[in-house]
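See structure below.
Numbering (this note's numbering), first residue to last: 34 to 696.
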């Protein structure tokens with residue numbers, strides 16, 4: 034509350050208040066003395082004098098002019114170099130990441146599009162004409178779209194009950210459940226696909242369980258066909274659906290549902306009228322992410338599918354690595370890239386919701402709830418629920434009675450699907466059998482000793498650790514300044530730049546790998562560690578940017594203002610306040626960037642060389658040529674390190690939170 038100042042009388046002659054800053058902030062001591070010794074003119078007139086550096090309301094120093102009239106002081110900010118510096122700051126923060134993406138991401142993709150227009154040494158549309166006249170390509174595209182749509186629908190049906198259950202749990206239980214959902218997402222896709230080969234094989238535990246229950250008379254063929262592809266893809270893509278749904282459901286005010294039930298609406302009817310419409314942003318985001326990811330997915334369909342289950346990503350790699358038909362591969366890659374970019378731009382507002390920093394943007398508005406007075410705007414589900422008589426009413430009553438058992442059973446099934454691969458790989462790592470069999474007849478550490486005595490595996494592990502770690506540091510180094518620019522500054526082109534930086538999350542890795550292969554072909558970089566460092570940094574930077582943006586939006590800037598008001602400069606505030614409090618977020622960004630590079634297989638298929646063979650390529654060859662428990666050993670080691678890192682991150686975060694609370 035500001036103290037009111039009594040206006041002086043004509044007999045009084047007020048002196049100018051002392052605006053001189055502390056000694057360490059004085060830029061011109063003579064000007065301070067002049068201002069402090071000066072007097073005000075007669076009432077109704079004002080004498081203006083230049084001021085030294087003044088402390089603004091946010092604790093930052095501001096250059097301005099002071100006008101004093103009627104014993105009141107007003108600060109008139111003067112346009113100076115500080116305004117230009119504010120405009121230049123986001124440019125400098127974004128410069129490293131823009132340069133990286135321009136040369137390592139946009140340039141190869143542009144060259145890929147140009148290569149698709151070349152044939153026989155000249156410009157031609159021959160490759161596109163061949164694609165348009167190919168019936169096999171049509172069926173491959175149709176099969177890819179069918180897979181993407183089906184997997185998206187199944188993931189939505191399975192993920193929604195789980196996300197809803199987590200959003201209604203206590204904070205401690207929700208944290209545990211989110212950790213269970215996150216752990217498979219951070220685990221190698223190769224490891225999870227390997228586990229499904231074991232689980233779905235004719236002698237696997239699923240077939241044995243079905244035989245024991247009498248559900249089948251002979252083992253089912255569920256691997257190396259479409260069944261295995263769909264099961265594996267759903268498990269791999271499920272976390273991508275859970276995360277946005279959970280984020281949307283946590284913003285739904287539960288009091289709205291309680292109010293509807295208090296007015297006599299059955300719980301199922303209240304869900305259709307309130308919860309489902311309010312969660313549509315998360316539903317659309319999740320479906321978009323899963324669908325786009327499925328369009329160019331390579332690893333799981335390649336390992337679990339059969340010869341009749343080829344998708345467009347496999348067709349592209351086949352033309353590059355085996356057939357050598359580079360022009361047609363470039364044309365197919367360009368078409369896939371175009372389809373992904375178009376869908377990405379259509380739903381850009383949903384995908385870029387992290388940049389919405391308006392007050393209350395994290396709360397679902399009541400306008401999202403279905404308007405019962407507008408029949409034209411009501412969706413089909415709400416129209417159906419409004420028929421509150423007869424069979425519909427009885428259906429609502431029945432669903433309301435079984436909603437909790439059905440909800441918990443659905444959420445339990447989703448969790449089981451997520452953790453089931455780990456139940457297979459962990460026992461296999463300690464198997465004593467000389468070949469792959471489940472369950473193991475005996476247990477020992479023979480496969481651990483074999484791994485640590487194999488120099489090829491150790492060299493590949495060392496290569497992946499070194500270059501994935503370096504790429505993670507580079508991703509954080511360029512991603513953190515970019516996140517600060519996007520969150521702390523407003524400038525023209527903010528949304529397009531954000532979409533560009535997160536686009537590697539959406540663009541199929543096979544397209545980026547083929548573009549880098551064409552761009553680096555004939556140069557010493559192909560087959561070298563630097564090629565992997567570049568590719569790992571490109572695919573790891575979006576994770577660092579997204580994680581840091583989320584952390585900065587939750588950061589309390591009053592702590593920075595408090596430090597600045599006590600005399601700390603911007604650099605000191607950043608070093609002593611901002612970065613220490615953001616350390617858990619920085620650690621999460623580094624972990625995500627490291628894992629996405631350490632887990633990559635697709636870039637290894639196109640960029641590997643005799644002196645540059647990452648661990649996933651060794652695992653890939655082992656799974657394709659010789660399925661052994663060796664992969665399970667790597668999975669156990671990977672899981673152990675991952676759990677330790679997550680626990681360390683939680684411990685450090687809790688310690689910093691406790692320290693901030695004490696302060």
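Glycine included, every Cβ here is placed at the ideal spot set by N, Cα and C. On a predicted model such as this, the values are computed, not experimentally measured, just so you know.
Would you kindly work out how many angstroms separate the C-alpha atoms of residue i and residue j, rounded to a whole number?
{"i": "residue 567", "j": "residue 504", "result": "7 angstroms"}
{"i": "residue 633", "j": "residue 591", "result": "40 angstroms"}
{"i": "residue 631", "j": "residue 489", "result": "17 angstroms"}
{"i": "residue 189", "j": "residue 274", "result": "7 angstroms"}
{"i": "residue 380", "j": "residue 321", "result": "8 angstroms"}
{"i": "residue 570", "j": "residue 529", "result": "20 angstroms"}
{"i": "residue 677", "j": "residue 362", "result": "42 angstroms"}
{"i": "residue 224", "j": "residue 449", "result": "17 angstroms"}
{"i": "residue 551", "j": "residue 263", "result": "32 angstroms"}
{"i": "residue 205", "j": "residue 314", "result": "26 angstroms"}
{"i": "residue 346", "j": "residue 564", "result": "21 angstroms"}
{"i": "residue 454", "j": "residue 353", "result": "32 angstroms"}
{"i": "residue 672", "j": "residue 572", "result": "22 angstroms"}
{"i": "residue 220", "j": "residue 628", "result": "8 angstroms"}
{"i": "residue 681", "j": "residue 670", "result": "17 angstroms"}
{"i": "residue 440", "j": "residue 500", "result": "44 angstroms"}
{"i": "residue 445", "j": "residue 169", "result": "41 angstroms"}
{"i": "residue 319", "j": "residue 383", "result": "10 angstroms"}
{"i": "residue 417", "j": "residue 342", "result": "With a pLDDT of 47 at residue 417, under the threshold of 50, the modelled position of this residue cannot be trusted; read the value that follows with caution. One C-alpha to the other measures close to 39 angstroms."}
{"i": "residue 657", "j": "residue 337", "result": "10 angstroms"}
{"i": "residue 392", "j": "residue 583", "result": "For residue 392, the predicted structure reports a pLDDT of 45, less than 50, and the residue's modelled location is therefore unreliable. A value from the coordinates is still provided. Distance between the alpha carbons of residue 392 and residue 583: 15 angstroms."}
{"i": "residue 555", "j": "residue 233", "result": "43 angstroms"}
{"i": "residue 141", "j": "residue 533", "result": "15 angstroms"}
{"i": "residue 364", "j": "residue 148", "result": "8 angstroms"}
{"i": "residue 647", "j": "residue 593", "result": "43 angstroms"}
{"i": "residue 211", "j": "residue 241", "result": "31 angstroms"}
{"i": "residue 222", "j": "residue 162", "result": "36 angstroms"}
{"i": "residue 447", "j": "residue 191", "result": "6 angstroms"}
{"i": "residue 607", "j": "residue 216", "result": "32 angstroms"}
{"i": "residue 348", "j": "residue 357", "result": "12 angstroms"}
{"i": "residue 159", "j": "residue 312", "result": "46 angstroms"}
{"i": "residue 537", "j": "residue 463", "result": "37 angstroms"}
{"i": "residue 683", "j": "residue 617", "result": "8 angstroms"}
{"i": "residue 305", "j": "residue 293", "result": "11 angstroms"}
{"i": "residue 619", "j": "residue 576", "result": "11 angstroms"}
Are residue i and residue j closer than 8 angstroms when you measure CB to CB?
{"i": "residue 640", "j": "residue 560", "result": "yes"}
{"i": "residue 548", "j": "residue 145", "result": "yes"}
{"i": "residue 701", "j": "residue 588", "result": "Here the chain covers residues 34 to 696 and nothing more, so residue 701 does not appear."}
{"i": "residue 325", "j": "residue 375", "result": "no"}
{"i": "residue 344", "j": "residue 180", "result": "yes"}
{"i": "residue 510", "j": "residue 581", "result": "no"}
{"i": "residue 512", "j": "residue 574", "result": "yes"}
{"i": "residue 218", "j": "residue 272", "result": "yes"}
{"i": "residue 123", "j": "residue 546", "result": "no"}
{"i": "residue 474", "j": "residue 461", "result": "no"}
{"i": "residue 329", "j": "residue 282", "result": "no"}
{"i": "residue 542", "j": "residue 331", "result": "yes"}
{"i": "residue 327", "j": "residue 198", "result": "no"}
{"i": "residue 544", "j": "residue 360", "result": "no"}
From what residue to what residue does the alpha helix (DSSP H) around residue i run?
{"i": "residue 383", "result": "381 to 384"}
{"i": "residue 588", "result": "That residue, residue 588, is in no alpha helix (DSSP H); it is neither H nor E in DSSP."}
{"i": "residue 145", "result": "140 to 148"}
{"i": "residue 319", "result": "313 to 328"}
{"i": "residue 752", "result": "Since the first residue of the chain shown is 34 and the last is 696, residue 752 is not available in this structure."}
{"i": "residue 299", "result": "Element bounds for residue 299: n/a, residue is neither H nor E."}
{"i": "residue 163", "result": "159 to 165"}
{"i": "residue 350", "result": "345 to 351"}
Is the Cβ of residue i closer than 8 angstroms to any Cβ of chain D?
{"i": "residue 300", "result": "Absent from the structure: chain D. Only one protein chain is present."}
Give a yes or no on contact between the stretch 482 to 492 and the stretch 228 to 247, applying the rule of three or more CB pairs nearer than 8 angstroms. no
Would you check if there are 3 or more beta carbon pairs closer than 8 angstroms linking the stretch 147 to 162 to the stretch 274 to 292? no
Counting Cβ pairs, one atom from each stretch, are 3 or more of them under 8 angstroms apart for the stretch 591 to 608 and the stretch 644 to 655? no
Going residue by residue through the stretch 185 to 268, where are the continuous alpha helix (DSSP H) segments of at least 4 residues, counting only ones entirely within it? 204 to 219, 222 to 233, 238 to 246
Specify whether the stretch 298 to 312 and the stretch 258 to 267 touch according to this definition: at least 3 beta carbon pairs, one from each stretch, less than 8 angstroms apart. no
Complete runs of the alpha helix (DSSP H) confined to the stretch 424 to 488 [at least 4 residues]: 424 to 462, 479 to 485
Let me know the beta strand (DSSP E) ranges lying completely inside the stretch 494 to 563, each 3 residues or longer, listed in chain order. none
Below 8 angstroms, how does it come out for the stretch 524 to 544 and the stretch 124 to 143: are there three or more Cβ pairs, yes or no? yes
Do three or more CB pairs link the stretch 655 to 667 to the stretch 466 to 474 at distances below 8 angstroms? yes
Fully enclosed by the stretch 582 to 652, which alpha helix (DSSP H) runs are 4 residues long or longer? 591 to 598, 603 to 606, 616 to 631, 635 to 640
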